[in-house]
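> In the working numbering, the protein residues as written are 145 to 434. Using N, Cα and C, we set each Cβ at its ideal position, and we do this for glycine too.
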């Protein structure tokens, strides 16, 4: 009975999801993003997740920044993210080139020339789906690690939005780990979002507080000798973005796997911290990160 009720719930959510997506498609991307931003800024602060965001902001910044301004920017960004989503699957190369500026390609030029795969990491900043649309400009064959949506029907729509001929989608989990290793052995570069809490990860400081941190990227870098490339995503204005490819992560190995994984993840967390400090309103503070 529970399984049946859950399926009905998923179907209702799916129908509502499609209705909203199809409605937003009537506006055009900029008006859709503006509309969703306006609604999110009015409704969002009343939702329980705003309390999580406020708690996280207080824990990280204390009273050194204007919390209300960040909350407003946070809901503006999230609303735009929703408003932009319906347009991602069909957006043209020409439109992408107008809306997304890529900086720092020189940091991976030699890797591109040698067809040397790498590990690319980012976090829940701005609209990472726009970054996925230009990922084949960085390397010809990518696999993207993602977390499945709880609703399998909605998950399918999201996957269709992100899929392309040269992009493999790998869901987190035991089977996903096997698929990831298979992709790396076949020469894929890998893209990961590494800023979420992972209960079976390792404790690494994040803004000075121990945070359970997924360390797969460190293990795979050490095992397969892949360079680790930081990829920063910035919303410049409206639905326009800058993707900054930073230089490969530098670290020394001790030949102790646990120590090396910790040191790599510490560097990655410090990079994420710096990106968040630069534009705190563009990170998703809704996570229970600690």
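Is the beta carbon of residue 165 sitting closer than 7 Å to the one on residue 233?
no
> Under three-state DSSP, which class holds residue 356?
strand
> Rounded to whole angstroms, what is the Cα-Cα separation between residue 155 and residue 297?
7 Å
> Closest to residue 312 by C-alpha separation, out of 318, 301 and 328, would be which residue?
The shortest Cα separation from residue 312 among 318, 301 and 328 belongs to 328.
> Mind checking which residues open and close the beta strand (DSSP E) that includes residue 333?
333-337
> Which term fits residue 214, buried or exposed, when burial requires 16 or more other beta carbons within 10 angstroms of its beta carbon?
With 16 or more Cβ atoms within 10 Å of its Cβ, residue 214 is classed as buried.
> What's the gap between the Cα of residue 330 and the Cα of residue 285?
10 Å
> Runs of 4 residues minimum, wholly inside the region 257-326: which ones carry the alpha helix (DSSP H) assignment?
Counting only runs of 4 or more, we get 272-277, 279-282 and 296-306.
> So what does residue 454 bridge to, in DSSP terms?
Since the first residue shown for the chain is 145 and the last is 434, residue 454 is missing from the structure and cannot be characterised.
> Am I right that residue 209 and residue 424 are in contact with their C-beta atoms under 8 Å? What's the rounded C-beta distance?
Yes, they are in contact, since the Cβ atoms of residue 209 and residue 424 sit about 7 Å apart, within 8 Å.
> Quick check for students: name the residue ranges of the alpha helix (DSSP H) that lie wholly in the region 181-259, counting only runs of 4 or more.
192-205, 211-228, 237-243 and 253-257
> Skipping 5 residues on each side, what residues in its chain have a beta carbon closer than 6 Å to that of residue 263?
334, 361, 365, 370 and 372
> Going straight from the alpha carbon of residue 219 to that of residue 188, what length do you get?
Spanning the two alpha carbons is a distance of roughly 6 Å.
> Enumerate in chain order the residues of its own chain whose CB-to-CB distance from residue 380 is below 6 Å, with the five nearest sequence positions on each side excluded.
386
> So who's on the other strand from residue 349, going by DSSP bridges?
354
> Between residue 355 and residue 289, what straight-line distance do the alpha-carbon atoms span, to the nearest angstrom?
21 Å
> How many angstroms separate the CA atom of residue 295 from the CA atom of residue 157?
8 Å
> Can you give the Cα-Cα distance for residue 169 and residue 191, rounded to whole angstroms?
26 Å
> Would you kindly work out how many angstroms separate the C-alpha atoms of residue 266 and residue 409, rounded to a whole number?
Cα to Cα, the separation comes out at about 13 Å.
> When DSSP labels each residue in this structure, what does residue 341 get in the three-state scheme?
strand
> When you compare only the Cα positions, how much space is there between residue 415 and residue 181?
28 Å
> Among the residues of its own chain, which have a CB less than 8 Å from the CB of residue 259, if the five just before and after it don't count?
Same-chain partners within the cutoff: 284 and 331.
> Could you check the C-alpha separation between residue 268 and residue 420 for me, to the nearest Å?
10 Å
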